[in-house]
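Presented below is the structure to which this report refers.
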Amino acid sequence: MNPPAPIDPATSLEWPEVLLVDDDEVNLLLTSFALRERGFRVVDVPGGEQALAHLAHSTPDLIVLDAQMPGIDGFDICRSVRARAELKHVPVLMLTGLDDDASIERAYEAGATDFFVKSTQWGLLKHRLHYMLRSARQTYELERSTAKLARAQDLARMGSIDWEVGGGIVVSAEARRVFGVGDGPVTLRALLSRVPLDDRRDLRGVLQETLSHRFALDRDVPIGLDPATRRIVHVVAEPEFNDQGQVVRYAGFVQDVTERREAEARIWRLANLDTLTGLPNRHQLMWRAEKALERAERQQHACALLLIDLDNFKKINDSLGHAAGDEVLREVSERLRHCVRHSDQVSPGVLESAGGRTQSTLEAVARLGGDEFVALLPEIADVGDAERVGRRILEAMREPLVVGGQDVIVTASVGIAIYPRDGTTVPDLMRNSDLAMYAVKAQGKNEVELFRPAFVGRGRETLELEAALHKAIERRELVLHYQPKVDVHHGRVVGAEALMRWQRGDRLVRPADFIPLAEQSGLIVPMSEWALGEAARQARLWQQRFGFDESIAVNLPRQVLRRADVVEQIHAASVAHGVPHRMLMVELTEEDVQEGDESLVLPLLHALHQIGVEISIDDFGRGYSRLESLTTLPLSELKIDIAFVRDLGVRPQSEAVVSAIIALGRALGVRVVAEGVERLSQMEQLYRLGCRLMQGYLFSPPMPPEAFEAWLGETVLPRKGGVGAAVGTA
Ligand code: C2E
Ligand code: CA
Ligand code: CA
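Going from the sequence shown to our numbering is simple: count from 1 and add 77.
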């Protein structure tokens, strides 16, 4: 037997070579860049022709194909790869569109190893590719041991036996060696006495039944009382009858199958168990889940799939190293195993003999790859059962792990899909438990969530965005840009507003595209905490560098205002970075301050005022209701809503509102800032109406901190009377 195309185990996992085919040039560029960054060598080609030309003279470790391409498409390439002996074993990943079930079907028909929905989840793609590479390697090893097995069979020790029922057994010389008995007569009793005690009773029963039903015998029998030297002997024997139809003898063969059984077990383990943790792998899980669904359908009960994803594994892996990461995965596996009635080894044979107990035999925790696990509950009475197991899993993680002498806290997010409610096929259940898991991540991890049809409506993309946003904090992808607040009368800067940006890869995402989502999911709370700390850090830095002494304003939404510890947070931020409280300002919208429970917000505003943090009311005038209630608030600043500034000179009402706000500001003794000043004419009109403090593109857009610094040093601001004056506090 020829071994398959060699995959060199030593090198294939580091810098494996990927052939990437995509006609969408942008996607080709992005994917190829992302893969290179993640340790792959990439040959990228923009079409089917080029791909086939490349494959004519080289064998990559992996092939990634865009399914839909003009001309020769992904399916065509895949089919021709599978038709060629030297490429047959190369794993092929097909890139499909979202919800393109037809392509997924076709991909498998064409012989693809797996599919991946096109997205920018590069980390996920990397894991998928590594997983494919690993299983390709295992298949290769498996085929090698099968070849070894065949040779072993040739050399198999086999002997004949002939048992006269009720009398002695005639055994050939080879059979004597197989049984490990010396010369001299051999009796059934003597042979049975060499069978381990536990198996002996079973075997007696089997023999009795075989005899009374006149069956043939075909069975593995363990021989040898000492486990260290125990052999497995396969016995095959046929009955012979006398004229009365009675069994008079059994004749047949015995064979020592110890090595073969061991090899089979090894092959089974390779194909079905995850090498790192010993848990069932994806292949085994799929098999069990299929069986469980078949049974559940027949017996009309529910099953559950729990998708378990560790929340902070990447961080652990990055900070403590891969060996520690592996240890964490092993320990987590051990804990998960105790959360269900896990049974390690289930093969078709075991399943048959389990009969009615099949369902509990199928129950397991499996590792899908990376830090993703699945618990299969083949029979549940109700949804509550599945949720309870989910909670048990979170509970099991609570205790810190000790890795390399260090305490490590691992949490997990669990998404649950129930058969038949949430899907009637294994792929559907997998997908839906995945969505539920993403929903947990989006809401802040470390929870259990049942699949809801609404998740499909919200779409995986939103959920993924939420999950990515969650990671954004951990990965330090959030940044603050600063926009100056300018006193045009004196030509100087009186403060800055911190505006958040999300540096997502090479894209700078604007707040409009993620703040609403963050508010919806509650992520805004940790994000605001981060922003407060970051603004304080920046204020301190500028104070030290060039004596910056103004305030930096941070936008705080209502969710944060409703939290009991917000004053403490702000206090902690200023103490931690050693800046006076007055250098932190908070911008709250008029609605957020006035809406709902004033008894909650009022004490908070007073507490902030008391410690010296200034309060600015943002977007002022937008909801001009109950302005009078403002007189009781400890405010420092009103910001005229951008809409009125924009409409100055266009709608007469705007001028009226702006004048009223300025008058109100005077009456309350607070400063008034006009936002969104873009044109000189707007500046002049505002100035004429009595507003001196402004913010807007006319002066500067929000800038990264370095640019803000440079701007301060260089800028000449317009100033009352038209005479420019250099600002620069340095
Ligand atoms: P906002 O607090 O009203 O911020 C002012 C917005 O106006 C900013 O948009 C700013 O870039 C923009 N802007 C400044 N000057 C001009 C101008 O002359 N013309 C025009 N057309 N626009 C100007 P940005 O940075 O996109 O922020 C949008 C909103 O997102 C903010 O409105 C605020 O509500 C929210 N946001 C931004 N950063 C944060 C944050 O750190 N936390 C929270 N909770 N919300 C934030
Ligand atoms: Ca603001
Ligand atoms: Ca505003």
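Ideal Cβ placement from N, Cα and C applies to all residues, glycine included. Source: prediction; values computed, not measured.
- Per DSSP, Gly-243 has no beta-bridge partner at all.
- For secondary structure counted as the alpha helix (DSSP H) over 4 or more consecutive residues, the region 373-408 holds these complete runs in sequence order: 390-397.
- Here Gly-402 has Phe-390, Ile-393 and Asn-394 as same chain residues with Cβ atoms under 8 Å from its own Cβ, once five neighbours each way along the sequence are excluded.
- Taking non-hydrogen atoms of ligand 1 into account, the C-beta of Arg-659 is found less than 7 Å away from none of them.
- For Glu-94, the closest C-alpha among the options Ala-250, Asp-260, Pro-168 and Val-637 is that of Pro-168.
- Here the C-alpha atom of Val-747 lies approximately 27 Å from the C-alpha atom of Glu-606.
- Look at the beta carbons and you see the region 371-380 touching the region 453-463: at least three pairs across the two are nearer than 8 Å.
- Put simply, the region 505-524 does not touch the region 160-174. Fewer than three CB pairs are less than 8 Å apart.
- By the neighbour-count criterion, in which 16 or more other beta carbons inside 10 Å mark a residue as buried, Ala-366 falls on the buried side.
- Not a single heavy atom of ligand 1 lies less than 7 Å from the C-beta of Ala-751.
- In this structure, DSSP gives Ile-457 an extended state, which the three-state scheme calls strand.
- For His-683, the CB contacts under 8 Å within the same chain, skipping 5 residues up- and downstream, are Pro-711 in chain order.
- Taking 7 Å as the cut-off, one finds at least one heavy atom of ligand 1 near enough to the beta carbon of Gln-772.
- Residue nearest to Leu-665 within the set Asn-523, Pro-657, Gln-636 and Glu-611 is Gln-636 (criterion: CA-CA distance).
- In terms of CA proximity to Gly-689, Ser-628 leads the group Val-734, Ser-628 and Arg-622.
- Secondary structure of Trp-92 (DSSP, three-state): coil.
- Of the heavy atoms belonging to ligand 1, at least one sits nearer than 7 Å to the Cβ of Ile-719.
- Rounded to the nearest whole angstrom, the C-alpha separation of Ala-740 and Tyr-515 is 50 Å.
- Per DSSP, the unbroken beta strand (DSSP E) holding Asn-632 starts and ends at 628-632.
- Non-local beta-carbon contacts of Met-604 in its own chain, meaning distances under 6 Å to residues more than five positions away in sequence, involve Ala-595 in chain order.
- Not one heavy atom of ligand 2 lies closer than 7 Å to the C-beta of Asp-669.
- When the alpha-carbon of Gly-116 is set against those of Ala-128, Ala-184, Trp-199 and Asp-153, the nearest one is in Trp-199.
- At the C-beta level, Val-409 and Leu-382 stay beyond 8 Å of one another.
- Taking 8 Å as the cut-off, the Cβ atoms of Phe-330 and Gly-245 do not count as close.
- Residue side-chain check: Glu-627 keeps its Cβ at 7 Å or more from all non-hydrogen atoms of ligand 2.
- If you draw a straight line from the Cα of Thr-539 to the Cα of His-566, it comes to about 46 Å.
- Taken through DSSP and simplified to helix, strand or coil, Phe-625 comes out as coil.
- Note on Glu-286: under 16 other CB atoms within 10 angstroms of its CB, so exposed under the neighbour-count rule.
- In terms of Cα proximity to Arg-359, the closest of Pro-316, Ile-309 and Val-442 is Val-442.
- When C-alpha distances from Ala-494 are compared across Ala-452, Glu-472 and Gln-483, the shortest belongs to Ala-452.
- By the Cβ test, the region 346-360 is not in contact with the region 244-258, since fewer than three Cβ pairs between them sit closer than 8 Å.
- Fully enclosed beta strand (DSSP E) runs of no fewer than 3 residues occupy 628-632 and 661-666 of the region 599-671, in order along the chain.
- According to the DSSP assignment, Val-525 belongs to the beta strand (DSSP E) that extends over 525-527.
- Membership of Val-263 in any beta strand (DSSP E) is not indicated, and neither H nor E is assigned to it by DSSP.
- His-558: member of the beta strand (DSSP E) spanning 555-564, first to last residue.
- For Gly-125 against Asp-150, the beta-carbon gap comes to about 6 Å, under 8 Å, which counts as contact.
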